[in-house]
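Using my numbering, read the sequence shown as starting at 3 and increasing by one per residue.
Heads up, the beta-carbon is just placed ideally off N, CA and C, and yes, glycines get one too.
The structure displayed is predicted, hence computed values, not measured ones.
Okay, so here's the structure we're looking at.
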Amino acid sequence: MEVQEAFRSVRPCRAFLPRPVPDDALRRVIDAARLASTGSDQQPWRFIVVHDEERKRKVAQAVPRGAFLNLAPVILVALGLEEAAPALVGGYMMSYPLEVAAAIQNLTLAAAAEQLGTCWCTDFKEGKLRELFQLPEGVRVVGVLPLGYPDPASLTNGPAPGRMGFSEIVAFENFSW
Ligand SMILES: Cc1cc2nc3c(=O)[nH]c(=O)nc-3n(C[C@H](O)[C@H](O)[C@H](O)COP(=O)(O)O)c2cc1C
3 MEVQEAFRSV RPCRAFLPRP VPDDALRRVI DAARLASTGS DQQPWRFIVV HDEERKRKVA
63 QAVPRGAFLN LAPVILVALG LEEAAPALVG GYMMSYPLEV AAAIQNLTLA AAAEQLGTCW
123 CTDFKEGKLR ELFQLPEGVR VVGVLPLGYP DPASLTNGPA PGRMGFSEIV AFENFSW
């Protein structure tokens, strides 16, 4: 899929076919995340791949309104390592969520190139996931992402209707809104 086309067509997917995700496709999707750039090349990310039905159910239970996660054959849990990215953005903001976000965007577009769909969910109860995966201190959950072949009956691919226009979000030379 051409990049500009992907920006305009890839939408979150919340309904999946029961078809498994081939290992090589899964690998390419996560590889795309791994290739994102990070400050000082710190790569403060880790990804847990969940195939097991019982564990998927537990992950879905940690996400309010996340029942659809269970429909996907795979759930990815994107983690950020606080201590690996102590650099502050502009002196005030931890950088690791930004870096994991860049990886997730790569992952989302790579999934589309494999005809797979995903949806970055942040509406999770972190404590439940910390317990389930026994996460050590300093390792934070940044996203829960179902991955699978979209159910064509619920496909919403196409330009996102709600996006603000170019002139609404861009100013030249000054903050002039
Ligand atoms: C950082 C982030 C967090 C999101 N969290 C959730 C979520 O917890 N649950 C969910 O169903 N969708 C989630 N989404 C998807 C958004 O709800 C979706 O992109 C937004 O409603 C716009 O829809 P559209 O991209 O189809 O236009 C998230 C997207 C982003 C980028």
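{"Asked": "Exposed or buried, which one is Glu-7 when buried takes at least 16 other CB atoms within 10 Å?", "Found": "exposed"}
{"Asked": "Would you call the segment 114 to 125 in contact with the segment 21 to 37, where contact means no fewer than 3 C-beta pairs closer than 8 Å?", "Found": "yes"}
{"Asked": "Measure the beta-carbon distance from Ala-64 to Leu-134 and round it to whole angstroms, keeping in mind my assumption that it falls under 8 Å.", "Found": "7 Å"}
{"Asked": "Just how far apart, CA to CA, sit Leu-83 and Gly-129?", "Found": "16 Å"}
{"Asked": "So, does the CB of Glu-85 fall closer than 7 Å to a CB anywhere in chain B?", "Found": "Annotation note: the requested chain B is absent from the structure, which comprises a single protein chain."}
{"Asked": "Opposite Arg-48 in the DSSP bridges: which residues?", "Found": "Leu-81"}
{"Asked": "Relative to the C-alpha of Leu-73, which residue among Pro-152, Pro-161, Leu-90 and Ala-89 is closest?", "Found": "Pro-152"}
{"Asked": "What does Gly-150 pair with, by DSSP beta-bridge criteria?", "Found": "Gly-119"}
{"Asked": "Which residues in the same chain as Ser-42 place their Cβ atom closer than 7 Å to its Cβ, once the five residues preceding and following it in sequence are excluded?", "Found": "Ala-89"}
{"Asked": "Below 6 Å, is the gap between the Cβ of Arg-13 and the nearest heavy atom of ligand 3?", "Found": "With respect to small molecules bound, the structure shown includes ligand 1 and not ligand 3."}
{"Asked": "Once DSSP output is grouped into helix, strand and coil, what is the label at Arg-132?", "Found": "helix"}
{"Asked": "Could you compute how far the alpha carbon of Trp-122 sits from the alpha carbon of Leu-147?", "Found": "5 Å"}
{"Asked": "Could you round the C-beta distance between Ala-38 and Ala-105 to whole angstroms and report it? I think they count as a contact, below 8 Å.", "Found": "4 Å"}
{"Asked": "What would DSSP say about Val-143, mapped onto helix, strand or coil?", "Found": "strand"}
{"Asked": "If we ignore side chains and look at the alpha-carbon of each, how far apart do Asp-33 and Thr-110 end up?", "Found": "11 Å"}
{"Asked": "Would you list the one or two residues that DSSP bridges to Leu-23?", "Found": "Note that residue 23 is Val in the sequence shown here, rather than Leu. BP columns for Val-23 are empty, so no partner."}
{"Asked": "Helix, strand or coil: which one does DSSP assign to Leu-90?", "Found": "strand"}
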